[in-house]
Amino acid sequence: MQDYINERWQPILAYNGLADFDSLWKLEAKWFEEPNQRRGGWSGVSRCELELPDGGSSAIFLKRQENHGTPSLTHPVRGIPTFLREFKRIINYRSKGIPTLEPVYFASRMIGKDQRAILITEELTGFISMEDRVQTWLKEGAPNRQMRRNILKAVATLLQDMHAHGIRHSCFFPKHVFVRLNEDGTVDARVIDLEKSRWRPLKTLCAMRDLYSLSRFSSCWSASDRLWFFKQYLDIPRLTPYAKWLWRSIEKRSIEKNRINPTSPVLSEKSGAE
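Written as structure tokens, this is what we have:
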């Protein structure tokens, strides 16, 4: 596949001496996450602050991997770099207007017998994962109902948009959903970690998997908030027979797989929240 370089970022990479694959591969950068050692190779992520030509800085996530592939029809033995699949998913999401990461750079190389790949994405400035946001609320108290529902609405709209295009994320966990609260009260949501996304012909197939994944880690939300989110996702004022069936199916699956923890803490509003 031909190398990809974001036109807006090309001069920034060059300004920092990172204009080609070799310089990016050799860059000494602290691991943001410990490298993943599997599939006969490794894959790791670093967060890097790059200087801007006009002053200031901007952050990127530099992902590098070696011999870390996944089988494909064209390469059933060696496979293709997992970053290639992730990059293609990012491009696909963006082509459909689904909010996700902004790609900065992608390229792969064969160095002797080693298959290497680099994927760079722009940091989601101002965004916080729903997992981290909820953990903070559990410690410090949740915001008022209106703010919570503004956030839930943004996430529901994001998921609704994905499924309208037949895209199932397959790992729609709170840690993969990032939210930013804007000064004007609006909320932006983004989804990351798209590698396992799949196209499915029926929206119900998308809903069953992704709503179940989300529900696994949503036991701390009140029943009213969870039901409100569910109705926002389906865009209905009250539960229909289909909605009741879907809700019960997800709950049943969660119980069967022992994913519901009855002792989980429940979100409560901050003292004085209105």
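Heads up: the sequence shown is residues 0 to 273, going by numbering that gives the first Met the number 0. Ideal Cβ placement from N, Cα and C applies to all residues, glycine included.
Between the region 55-68 and the region 111-121, the count of C-beta pairs closer than 8 angstroms reaches three or more; the two stretches touch.
The C-beta of arginine 247 has fewer than 16 other C-beta atoms within 10 Å across all chains shown, which makes the residue exposed. Per the coordinates, the alpha-carbon of cysteine 205 lies some 9 angstroms from the alpha-carbon of tryptophan 198. About 6 angstroms separates the beta carbon of aspartate 224 from that of arginine 147, a gap short enough to meet the 8 angstroms contact definition.
For lysine 25, the closest of Ser45, Gly40, Gln36 by C-alpha to C-alpha distance is Ser45.
Its Cα nearest to that of arginine 167, the residue Arg88 stands out among Gly111, Arg88, Gln231, Ala222.
In this structure, the alpha-carbon of serine 56 lies about 42 angstroms from that of leucine 226. In this structure the region 199-219 lies against the region 158-174, because at least three pairs of beta carbons, one per stretch, are closer than 8 angstroms.
Across the set Asp2, Gly125, Leu201, the C-alpha of Leu201 shows the shortest separation from the C-alpha of histidine 162. Assigned with DSSP and collapsed to three states, cysteine 47 falls in strand. Taking the Cα of glycine 16 as reference, the smallest distance to any Cα among Ser42, Leu51, Asn35, Phe31 is reached at Leu51. In this structure the region 176-183 touches the region 124-132; the number of beta carbon pairs closer than 8 angstroms is three or more. In the DSSP assignment, methionine 109 falls outside any alpha helix (DSSP H) and lies within the beta strand (DSSP E) extending over 102-110. In the three-state scheme derived from DSSP, where H, G and I count as helix and E and B as strand, lysine 87 is classed as helix. For phenylalanine 60, the pairing in a beta bridge is given by DSSP as Arg46, Thr120. Around the beta carbon of glutamate 139, a 10 Å sphere encloses fewer than 16 other beta carbons of the protein chains shown; the residue is thus reported as exposed. Per the DSSP secondary-structure output, tyrosine 3 pairs in a beta bridge with Phe105. Non-local beta-carbon contacts of leucine 23 in its own chain, meaning distances under 6 angstroms to residues more than five positions away in sequence, involve Leu17, Ile117 in chain order.
For aspartate 160, the enclosing alpha helix (DSSP H) starts and ends at 144-163. The continuous alpha helix (DSSP H) containing phenylalanine 228 extends over residues 222-233.
Ranked by how close their Cα comes to the Cα of tyrosine 3, the residues Leu49, Thr135, His175, Phe86 have Phe86 in first place. In the three-state reduction of the DSSP assignment, leucine 238 falls in the coil class.
DSSP lists no bridge partner for aspartate 131. DSSP places isoleucine 166 within a strand segment (E or B) once states are collapsed to three.
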